[in-house]
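Mapping to the UniProt record's numbering: the sequence shown position 61 is 61, numbers consecutive.
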Amino acid sequence: MTIKIISATPGLSTTEKILDVISLYPQGITTKELSNRLNRPVSMVNSCLKYLVETKLVYARLDQPNQHWIYYYQFDSLN
């Protein structure tokens, strides 16, 4: 079996893409919607969202009726 080493492709990282998509949805967006829009696994999206929430670029709110997290762009972080 041959092992092939791959290298990263140029362009935005998944975290940067997530931030771009979230900024387009002022009403908020769920992890599943982000996963579908970016064609990335939910686990990868969750990992990136954890970083974005910790750095306060994005904030999260639990939607009580549906019991899922909704993520919003933190516009204040730009000031």
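Don't be surprised by glycine CBs; every beta carbon is placed ideally from N, CA and C. Only a predicted model underlies this, so the values are computations on that prediction, with no experimental measurement involved.
Between the CA atoms of residue j and residue i - distance to the nearest angstrom
i	j	result
ASN39	THR9	16 Å
LEU12	ARG61	26 Å
TYR71	PRO41	17 Å
GLU33	ILE6	28 Å
Cutoff 8 Å: residue i Cβ touching any chain C Cβ
i	result
LEU12	Considering every chain present, this structure includes no chain C. It has just one protein chain.
Proximity of residue i and residue j at Cβ, strictly below 8 Å
i	j	result
VAL58	TYR73	yes
TRP69	THR31	yes
In chain order, what are the residue ranges of uninterrupted beta strand (DSSP E) at least 3 long that sit wholly in the stretch 9-77? 58-63 and 68-73
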